[in-house]
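Numbering (the UniProt record's numbering), first residue to last: 1 to 455. Beta carbons are placed, not taken as given, at the ideal position from N, Cα and C, and that holds for glycine. Comments concern the structure below.
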């Protein structure tokens with residue numbers, strides 16, 4: 001490899017230093033003798049060998065290679081490259097990944113193969129991580145999670161340190177963290193996120209560094225380390241200054257985290273900032289984010305922000321986009337009204353949720369009808385309460401034993417006249433035990449509003 005092809009700044013100074021020291025030691029030449037031969041100070045040679053390079057030392061490295069009678073390529077070799085010269089493939093690689101995201105798997109496969117057959121053997125070594133990552137994404141999109149996981153692990157175990165490899169190594173670690181999170185393996189997810197954080201450096205794109213910090217913040221919040229979560233969220237905030245969407249997201253995240261710490265002043269400040277970024281984007285699809293901000297502001301001070309109730313209870317359903325709106329957010333607001341026993345405007349919200357029965361998951365429908373049963377119970381509409389409970393029971397699956405037990409107990413209470421029966425007493429005790437976890441459930445409701453980990 002001829003050094004003149006590359007810009008010196010494209011090389012990893014630490015790897016260059018290791019290569020130089022190895023070649024000098026192989027030639028059995030001391031730093032002092034080399035310094036004398038090439039008329040370069042001992043300190044400067046030592047700085048190059050330890051990777052403390054702050055400017056272009058191309059002239060010095062050429063002189064050292066000439067003195068040691070070795071090609072410059074032995075020092076500035078492919079393994080020392082930080083930025084391989086593969087720009088001509090970058091747009092096609094990104095396009096292939098966009099195809100996968102859009103579900104155009106055949107197009108992604110064709111483009112990936114086209115890239116593969118045009119690569120030289122030298123280029124293939126550099127582009128290989130990108131091709132593997134695309135293959136993993138195709139597997140993920142096709143539901144082949146086990147195969148995708150194996151490929152992500154191959155990527156993170158590849159040798160080398162150039163920027164493209166590190167980019168896909170970090171993305172793979174974050175992808176593994178996201179998969180573990182979806183499987184509710186929070187500790188496993190945090191382990192992958194930590195490894196991504198270790199690999200994150202200044203040569204990584206701002207987006208990948210932001211994603212890594214965001215994931216660390218989210219995962220630490222789910223294991224109860226709110227202080228550490230806030231630390232990482234602030235790191236994400238620092239590198240998101242040029243991306244309004246990231247700012248909107250991370251400011252909201254910080255607001256929720258501070259609310260968990262009961263620091264309502266900071267929570268208000270960050271959520272308000274997030275809402276201002278939301279307005280600057282003017283994206284109608286982000287109605288969900290506006291909802292979350294309003295909900296948090298109301299939780300901070302329901303008296304100060306009482307007018308928010310008018311938004312949810314009077315104007316909200318006339319502007320919501322049914323296809324993009326997350327009905328689970330509306331569940332949170334209905335729950336809030338039930339807790340406050342503000343029953344006047346709940347029924348239209350419940351009717352809207354019930355109208356979505358064919359468009360949402362069974363678990364979401366369970367929650368709709370469970371909330372409806374609570375509302376009908378408070379408003380003394382016992383027949384409707386019975387119907388709602390039976391509908392909720394219909395949507396319970398085999399893993400929801402707690403929920404099934406509570407529903408059956410509530411159904412039995414509608415029929416049982418003998419409240420002193422052993423069954424009734426046992427079920428009441430069971431229900432009281434569950435109430436002890438209400439504090440944790442309140443925390444879970446806040447954590448649910450946070451963005452999801454991503455890569």
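Quick test of your reading: residue 76 and residue 16, contact by CB under 8 Å. State the CB separation rounded to the nearest angstrom.
7 Å
From the DSSP output, in three-state form, read off residue 133 for me.
helix
Pairwise C-alpha distance: residue 373 and residue 425
22 Å
In three-state DSSP terms, what is residue 11?
strand
Residue range of the unbroken alpha helix (DSSP H) whose run includes residue 198:
186-199
Go to residue 177, then tell me how far its alpha helix (DSSP H) extends in each direction, as first and last residue.
163-182
Where in the stretch 17-48 do unbroken runs of the beta strand (DSSP E), each at least 3 residues long, occur, reported from the N-terminal end onward?
Counting only runs of 3 or more, we get nothing.
Would residue 246 pass as a contact of residue 210 if the rule is Cβ separation under 7 Å?
Against a cut-off of 7 Å, the Cβ pair of residue 210 and residue 246 comes out as a contact.
Could you spell out the range, first to last residue, of the alpha helix (DSSP H) harbouring residue 307?
Where residue 307 is concerned, there is no enclosing alpha helix (DSSP H), given that its DSSP letter is neither H nor E.
Could you spell out where the alpha helix (DSSP H) holding residue 62 opens and where it closes?
58-68
When you compare the CB positions of residue 470 and residue 203, do they come within less than 7 Å of one another, or not?
Residue 470 is absent from the model: the chain starts at 1 and stops at 455.
Put residue 247 into one of helix, strand or coil per three-state DSSP.
Here residue 247 carries a helix assignment [DSSP, helix/strand/coil].
6 Å CB neighbourhood of residue 298 in its chain, flanking five on each side removed:
For residue 298, where only same-chain residues beyond five positions count, the Cβ hits under 6 Å are 305 and 308.
Since residue 154 is in the alpha helix (DSSP H), which residue starts that stretch and which ends it?
Per DSSP, residue 154 belongs to the alpha helix (DSSP H) from 145-156.
Less than 8 Å between C-beta atoms, sequence neighbours within five positions excluded: which residues of the same chain meet that for residue 166?
The residues 199, 201, 203 and 204, in chain order, have a CB closer than 8 Å to that of residue 166 in the same chain once the five nearest residues on each side in sequence are set aside.
Taking 8 Å as the cut-off, does the stretch 209-224 touch the stretch 234-245 (at least 3 CB pairs, one atom from each stretch)?
yes
Kindly indicate which residue of 169, 171, 170 and 192 has the alpha-carbon position closest to the one of residue 180.
192
State the beta-bridge partners of residue 81 as determined by DSSP.
In DSSP, residue 81 forms a bridge with 11.
Which class does residue 265 belong to by DSSP, given the choice of helix, strand or coil?
helix
What span of residues does the alpha helix (DSSP H) with residue 327 cover, start to end?
327-340
So the candidates are 208, 65 and 253; which of them puts its Cα closest to the Cα of residue 220?
253
Inter-residue CB distance, residue 82 and residue 197 (contact presumed, cutoff 8 Å)
So it is not a contact: roughly 20 Å between Cβ atoms.
Go through its chain and collect everything with a Cβ distance to residue 41's Cβ below 7 Å, but skip five positions before and after it.
35
Taking the alpha helix (DSSP H) that residue 408 falls in, what are its first and last residues?
401-415
N-terminal and C-terminal residue of the alpha helix (DSSP H) that residue 453 is part of:
Where residue 453 is concerned, there is no enclosing alpha helix (DSSP H), given that its DSSP letter is neither H nor E.
Taking buried to mean at least 16 other C-beta atoms within 10 Å of its own C-beta, is residue 12 buried or exposed?
buried
Going by Cα to Cα distance, which pick from 170, 129 and 182 is closest to residue 208?
170
Is it buried or exposed for residue 255, if we count other Cβ within 10 angstroms and need 16 for buried?
buried
Quick one, which of 342, 313 and 48 has its alpha-carbon nearest residue 330's?
Measuring C-alpha to C-alpha distances from residue 330 to each of 342, 313 and 48 identifies 313 as the nearest.
Could you check whether the Cβ of residue 206 sits closer than 7 Å to any Cβ belonging to chain D?
Checking the listed chains, one finds no chain D in this structure; it contains a single protein chain.
List the whole-angstrom C-beta distance separating residue 360 from residue 327, where the pair is believed to meet the contact cut-off of C-beta under 8 Å.
6 Å
Run of the alpha helix (DSSP H) containing residue 348, from where it starts to where it stops:
Residue 348 -> alpha helix (DSSP H) spans 346-354.
Apart from the five residues just before and just after residue 188, which ones in its own chain have a Cβ nearer than 6 Å to its Cβ?
180
Buried or exposed for residue 91, going by 16 or more other Cβ atoms inside 10 Å?
Answer is exposed; the Cβ neighbour count stays below 16.
Would you please state the rounded distance, in angstroms, between the beta carbons of residue 168 and residue 129? I believe it to be under 8 Å.
At roughly 4 Å, the Cβ-Cβ gap stays under 8 Å, so residue 168 and residue 129 are in contact.
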